[in-house]
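The block underneath contains the structure these notes are about, expressed in structure tokens.
2 protein chains.
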Amino acid sequence: MKNHFNIAIVGLGNIGSEVLRYLNKNKKNIERTTNSTFSINYLSARNLKKKRGSSISKKLWIKNPVDLVKKKNVDVIIELVGGAEGIAKKLVFGALKNKKHIITANKSLIFKYGNQLAQIAEKNSVNLLFEASVGGGIPIIKSIKESLVGNKIFHIYGILNGTTNFILTEIEKTKKSFKEILNKAQKLGYAEPDPKFDLNGDDVKSKISILSSLCFKTAILNKPFLTEGIENIDLEDINYAKRFDYKIKLLGISEIVNNQVKIRVHPCLIHKNSDLAKVNSVNNAIMVEGSPIGKIVYQGLGAGKGPTTSSVISDLNSILRNNLSNPFGFSYKSARKLKLFDFRKHTCKYYLRLSVEDKPGVLSKITSILSKSGISIQNFLQKPVNKMYSSLVIITHLAVEKRIQFALKMISKQKFVKEKIVMIRIRDDKKL
Amino acid sequence: MKNHFNIAIVGLGNIGSEVLRYLNKNKKNIERTTNSTFSINYLSARNLKKKRGSSISKKLWIKNPVDLVKKKNVDVIIELVGGAEGIAKKLVFGALKNKKHIITANKSLIFKYGNQLAQIAEKNSVNLLFEASVGGGIPIIKSIKESLVGNKIFHIYGILNGTTNFILTEIEKTKKSFKEILNKAQKLGYAEPDPKFDLNGDDVKSKISILSSLCFKTAILNKPFLTEGIENIDLEDINYAKRFDYKIKLLGISEIVNNQVKIRVHPCLIHKNSDLAKVNSVNNAIMVEGSPIGKIVYQGLGAGKGPTTSSVISDLNSILRNNLSNPFGFSYKSARKLKLFDFRKHTCKYYLRLSVEDKPGVLSKITSILSKSGISIQNFLQKPVNKMYSSLVIITHLAVEKRIQFALKMISKQKFVKEKIVMIRIRDDKKL
Numbered sequence: 316m317k318n319h320f321n322i323a324i325v326g327l328g329n330i331g332s333e334v335l336r337y338l339n340k341n342k343k344n345i346e347r348t349t350n351s352t353f354s355i356n357y358l359s360a361r362n363l364k365k366k367r368g369s370s371i372s373k374k375l376w377i378k379n380p381v382d383l384v385k386k387k388n389v390d391v392i393i394e395l396v397g398g399a400e401g402i403a404k405k406l407v408f409g410a411l412k413n414k415k416h417i418i419t420a421n422k423s424l425i426f427k428y429g430n431q432l433a434q435i436a437e438k439n440s441v442n443l444l445f446e447a448s449v450g451g452g453i454p455i456i457k458s459i460k461e462s463l464v465g466n467k468i469f470h471i472y473g474i475l476n477g478t479t480n481f482i483l484t485e486i487e488k489t490k491k492s493f494k495e496i497l498n499k500a501q502k503l504g505y506a507e508p509d510p511k512f513d514l515n516g517d518d519v520k521s522k523i524s525i526l527s528s529l530c531f532k533t534a535i536l537n538k539p540f541l542t543e544g545i546e547n548i549d550l551e552d553i554n555y556a557k558r559f560d561y562k563i564k565l566l567g568i569s570e571i572v573n574n575q576v577k578i579r580v581h582p583c584l585i586h587k588n589s590d591l592a593k594v595n596s597v598n599n600a601i602m603v604e605g606s607p608i609g610k611i612v613y614q615g616l617g618a619g620k621g622p623t624t625s626s627v628i629s630d631l632n633s634i635l636r637n638n639l640s641n642p643f644g645f646s647y648k649s650a651r652k653l654k655l656f657d658f659r660k661h662t663c664k665y666y667l668r669l670s671v672e673d674k675p676g677v678l679s680k681i682t683s684i685l686s687k688s689g690i691s692i693q694n695f696l697q698k699p700v701n702k703m704y705s706s707l708v709i710i711t712h713l714a715v716e717k718r719i720q721f722a723l724k725m726i727s728k729q730k731f732v733k734e735k736i737v738m739i740r741i742r743d744d745k746k747l
Numbered sequence: 316m317k318n319h320f321n322i323a324i325v326g327l328g329n330i331g332s333e334v335l336r337y338l339n340k341n342k343k344n345i346e347r348t349t350n351s352t353f354s355i356n357y358l359s360a361r362n363l364k365k366k367r368g369s370s371i372s373k374k375l376w377i378k379n380p381v382d383l384v385k386k387k388n389v390d391v392i393i394e395l396v397g398g399a400e401g402i403a404k405k406l407v408f409g410a411l412k413n414k415k416h417i418i419t420a421n422k423s424l425i426f427k428y429g430n431q432l433a434q435i436a437e438k439n440s441v442n443l444l445f446e447a448s449v450g451g452g453i454p455i456i457k458s459i460k461e462s463l464v465g466n467k468i469f470h471i472y473g474i475l476n477g478t479t480n481f482i483l484t485e486i487e488k489t490k491k492s493f494k495e496i497l498n499k500a501q502k503l504g505y506a507e508p509d510p511k512f513d514l515n516g517d518d519v520k521s522k523i524s525i526l527s528s529l530c531f532k533t534a535i536l537n538k539p540f541l542t543e544g545i546e547n548i549d550l551e552d553i554n555y556a557k558r559f560d561y562k563i564k565l566l567g568i569s570e571i572v573n574n575q576v577k578i579r580v581h582p583c584l585i586h587k588n589s590d591l592a593k594v595n596s597v598n599n600a601i602m603v604e605g606s607p608i609g610k611i612v613y614q615g616l617g618a619g620k621g622p623t624t625s626s627v628i629s630d631l632n633s634i635l636r637n638n639l640s641n642p643f644g645f646s647y648k649s650a651r652k653l654k655l656f657d658f659r660k661h662t663c664k665y666y667l668r669l670s671v672e673d674k675p676g677v678l679s680k681i682t683s684i685l686s687k688s689g690i691s692i693q694n695f696l697q698k699p700v701n702k703m704y705s706s707l708v709i710i711t712h713l714a715v716e717k718r719i720q721f722a723l724k725m726i727s728k729q730k731f732v733k734e735k736i737v738m739i740r741i742r743d744d745k746k747l
């Protein structure tokens, strides 16, 4: 059993600097808890001169972090660079091939190359740990791998992106527009200067893919699946949702249906009294359902240097305690091979908001298209926007995705439709 | 590294039978995940002839389970007998002394003898694991020991008893009396035939003591601390609470205040919109606050054979994977020695309900006692019960526990007071 570990930290931004500060401050505590010692032998970042909380010793500096993979005095690399390609990719592949443990917060990398990386880690008996990649400080990955190991999990879903949850919460609270709130989020540091991957659902896509693989013991399914963001949602939708006792949340969802993986990312109308409806601002929440445990919920801060550091330290602790585990909790060879559920067969209720010209025949045309598509209406609301336009809000009865998509295509072609139709899936109590 | 483990299960009631059934059914899965094999070599229970889901092989039967501690072909004992004394105590002490791993759901035993047991386990390098003792299926113990290991935790609190939470939820929902709902709970199997230890707070006392020790890295504080149950609460209180936007929950709370442990169990009025207010029926929920993680919440079923089995299997998994950890996550020698906070110094708002004779001078006497005790009133409500009696409901401003206790003593002495005064502490947003 190894009892001294040489560590390198690559990436000293907001999170990397905090991890470094934490390790320097809590060295003795960690060593006492783990019965191992460690030293930080190398540090690397794009810019040595950038102002950081603590000063960086020049002796530890390494210019090209990829050189670390061959260094004898490196056992553990903490990768906090990010991105699925470039330095992060070279570093992590190289490190695992050279039998060095990896700790990373890099969801894009794990999503894209997790299968290959897991194989290398398993073959070389090193750890590839990524607790910080999903849910910030929420210890969901270790929980699924170790604490829920005895369960057959059939459903995982949750709010996995703090930026979009903050935006949706703030729009509702302040009654301001999407655009105004996005600006505010950027000023507060809750949204990136380019917030595209948060808003379009891509961030959640990586995260739910990782969780799905952990829960259902499959390789990461690198096939396209339904991923929608919140770009089209505005105050108006949130207000209408409220009128029908719903809140709008961006959810990542994966479940086993007929031995297939039904995975998707989309905004959802959920009942205002449901557990997830009450998760506000930058918080994340994850629900896991399985047998024999039943349902379990985790909630906490989904991002930020504090929660992320907590997760990185948890991973480091496992390594210092000489715990070795397969990256996804199962041997790559035993991964289940499950097909993707054809989402066109999905059924749920749908919320539709249309901006249409206020003239005779419009309503009749729309209802006729819906009726021909086999979609029946549960609630209907018409509200004039000005002398020329009206908002139509429709809540359907249970309908099939394929038919809704067909109907929306037909309705969109009508000249009286003035804006992109907003369609949001509804979760009733029992079904997502 | 050991790769075959001999297991004995002692106690084959509701939970023990389920664990046995689970292990038989999932043997191959568990062995593949852990890279170890196991066999169940002994079973023991009070009554061999009792009807169980699966039949018990007589070959595995051992009459006196305490004999197991000396058996060479036993590595792990799963103790599901319960109780702090008797067989469970002898078995667990004996097993650890003889270098056998213990998995237990026995909160009373860990609360009473956890310090001694942890010392023996640490000395003999065996595991003493008790995930199932707190929070049913919620993996709170492993989470604190491993995932939150990098945090300085300063506050843990939650709903830790499913029976009392079910009763409080049902009284509110059905508007029936405490007594009627208790009967219902017993019929449904949510309350024991003798529900004393659930109702009087003792069950939560053991649980919050265990959690407090894990979080604050102290020995279990075997000193008396404030423990109140829900026996005195009735529909009337739940209705009044609602009127002031509160719900009543039985909480276990422990926090660090001025380097002292402020631990207690009591019912609490909490705001109807707070996270815990929404945790209903037999669910448990646990909040942990620490640095750098911030606040994290766990929620799930607090009891039952399914969730408990999930926790037992998680513990077994750790052992089969050759993970060795100190029972409370730290070495017994390094346990912090913290004093108990003097609860008489606690401040909060208080809810008081008095049943008094409806005659002149009563109100003046009560308000005079409160005023002399330095307690000021925030809300006051008087409601006639019949021609002779009235209910008085008082919500105080922030007050000191010692003064409230003094005032209650003085008021109780008054002849016009007809029943035991109900006093419930109030949690406002920032303070418990």
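Chains as they are written, first to last, in our numbering: chain A, 316 to 747; chain B, 316 to 747. For every residue, glycine included, the Cβ atom is placed at its ideal position computed from N, Cα and C.
Chain-ordered neighbours of residue i on chain A, where CB pairs are closer than 8 Å
i: residue 331 of chain B; result: Result: empty, since nearest Cβ-Cβ is about 14 Å, beyond 8 Å.
Cβ separation of residue i and residue j, assumed to be a contact under 8 Å, to the nearest whole Å
i: residue 481 of chain A; j: residue 589 of chain A; result: Contact doesn't hold; Cβ gap of about 19 Å is too wide.
i: residue 392 of chain A; j: residue 410 of chain A; result: 5 Å
i: residue 635 of chain B; j: residue 345 of chain B; result: 7 Å
i: residue 360 of chain B; j: residue 335 of chain B; result: Contact flag wrong, Cβ pair sits at about 10 Å.
i: residue 612 of chain B; j: residue 474 of chain B; result: That belief does not hold up - the Cβ atoms of residue 612 of chain B and residue 474 of chain B are roughly 11 Å apart, past 8 Å.
i: residue 460 of chain B; j: residue 640 of chain B; result: 6 Å
i: residue 355 of chain A; j: residue 377 of chain A; result: At roughly 12 Å, the Cβ-Cβ gap does not stay under 8 Å, so residue 355 of chain A and residue 377 of chain A are not in contact.
Beta-carbon neighbours of residue i, restricted to chain B and to distances below 7 Å
i: residue 610 of chain A; result: 615
Under 7 Å from the C-beta of residue i: neighbouring residues of chain A
i: residue 638 of chain B; result: 638
Closer than 9 Å to chain B by CB, residue i
i: residue 469 of chain A; result: no
i: residue 546 of chain A; result: no
i: residue 449 of chain A; result: no
i: residue 745 of chain A; result: With a pLDDT of 46 at residue 745 of chain A, under the threshold of 50, the modelled position of that residue is not reliable, and no figure is offered here.
i: residue 391 of chain A; result: no
i: residue 620 of chain A; result: yes
i: residue 461 of chain A; result: yes
i: residue 628 of chain A; result: yes
i: residue 400 of chain A; result: no
i: residue 666 of chain A; result: no
i: residue 457 of chain A; result: yes
i: residue 593 of chain A; result: yes
i: residue 590 of chain A; result: yes
i: residue 444 of chain A; result: no
i: residue 285 of chain A; result: This structure cannot speak to residue 285 of chain A, because chain A is shown only from 316 to 747.
Chain-ordered chain B contacts of residue i [CB-CB under 9 Å]
i: residue 645 of chain A; result: 347, 348
i: residue 624 of chain A; result: 465, 607, 608
i: residue 649 of chain A; result: 347, 348
Below-9 Å beta-carbon distance, residue i vs any chain A residue
i: residue 452 of chain B; result: yes
i: residue 632 of chain B; result: yes
i: residue 341 of chain B; result: yes
Counterpart residues of residue i in DSSP-defined beta bridges
i: residue 353 of chain A; result: A:320
i: residue 570 of chain B; result: B:470, B:577
i: residue 428 of chain A; result: The partner list for residue 428 of chain A (beta bridge, DSSP) is empty, contrary to what the question assumes.
i: residue 361 of chain B; result: Paired residue(s): none; residue 361 of chain B is not in a bridge.
i: residue 598 of chain A; result: A:616
i: residue 718 of chain B; result: DSSP, once it has assigned bridges, lists no residue as partnering residue 718 of chain B.
Within chain A, the residues that residue i reaches when beta carbons sit closer than 9 Å
i: residue 264 of chain B; result: Nothing in the structure corresponds to residue 264 of chain B, since chain B is present only between 316 and 747.
i: residue 561 of chain B; result: What residue 561 of chain B touches in chain A: nothing, since even the nearest Cβ is about 17 Å away.
Entirely enclosed beta strand (DSSP E) segments - the region 647-698 of chain A, minimum 3 residues
Whole beta strand (DSSP E) segments, 3+ residues: 662-672.
What ranges does the beta strand (DSSP E) occupy inside the region 452-540 of chain A, keeping only unbroken runs of at least 3 residues that lie completely in it?
467-474
Go through the region 396-420 of chain B residue by residue and report every complete run of the alpha helix (DSSP H) that reaches 4 residues or more, in order.
401-412
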